[in-house]
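Scroll down for the structure; my scribbles are underneath it.
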Amino acid sequence: MAIECKKAKFATEKDADFFIQKLKATSKRAKIPTSSYFCQRCTSWHLTSLKQNEWKEATSLKKQLESLKLAHKEEVKVLKEQISLLKQENTKEVNVDSRIKKMNNTLLEKLKTINRLRQDNKDLISKNIQLEKIVNNK
Ligand SMILES: [Zn+2]
Numbered sequence: 132m133a134i135e136c137k138k139a140k141f142a143t144e145k146d147a148d149f150f151i152q153k154l155k156a157t158s159k160r161a162k163i164p165t166s167s168y169f170c171q172r173c174t175s176w177h178l179t180s181l182k183q184n185e186w187k188e189a190t191s192l193k194k195q196l197e198s199l200k201l202a203h204k205e206e207v208k209v210l211k212e213q214i215s216l217l218k219q220e221n222t223k224e225v226n227v228d229s230r231i232k233k234m235n236n237t238l239l240e241k242l243k244t245i246n247r248l249r250q251d252n253k254d255l256i257s258k259n260i261q262l263e264k265i266v267n268n269k
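Residue numbers (our numbering): 132 to 269.
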């Protein structure tokens with residue numbers, strides 16, 4: 132959908148230039164359009180009272196501004212992506228940290244269990260020795 136422009140629209144450059152000639156011949160206005168230009172926004176021709184070179188300068192300045200805006204937008208986009216990546220990495224690190232903590236805790240629990248089992252085994256062995264002694268002494 133084309134964007135609506137408030138300026139008078141002409142379908143072709145010929146129509147626009149014809150209208151300028153008509154104004155030049157008939158209008159008593161102080162400011163008479165001197166040239167036409169194609170508008171990318173509404174894809175029709177508008178009139179301007181800027182002289183051709185002024186118009187060219189204005190257009191080139193506009194283009195520079197647009198490309199600066201685009202470059203700025205691109206920069207902001209890249210920065211946002213970097214920030215989001217950093218955030219992700221930070222989250223990963225936090226996750227790794229908490230995973231290591233959990234694993235350490237699990238390992239500690241397992242070590243405690245192993246120690247308890249070792250103690251139980253020792254007790255069993257000593258009980259077995261006592262039992263054997265009793266049996267052998269019978
Ligand atoms: Zn327009």
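Just so you know, even glycine gets a beta-carbon here, dropped at the ideal spot from N, CA and C.
- Query: For I151, does the count of other Cβ atoms within 10 angstroms reach 16, so buried, or fall short, so exposed?
  - Reply: buried
- Message: Please state the DSSP three-state secondary structure of S158.
- Response: S158: coil per DSSP, three-state reduction.
- Is K193 near ligand 1, in the sense that its beta carbon is under 7 Å from a heavy atom of that ligand? Checking the Cβ of K193 against ligand 1 gives no.
- Taking 7 Å as the cut-off, is the CB of S166 close to at least one heavy atom of ligand 1? no
- Query: What are the complete alpha helix (DSSP H) segments, minimum 4 residues, inside the segment 194–237?
  - Reply: none
- Task: Name, in chain order, the residues that DSSP records as bridge partners for W176.
- Result: F141, F169
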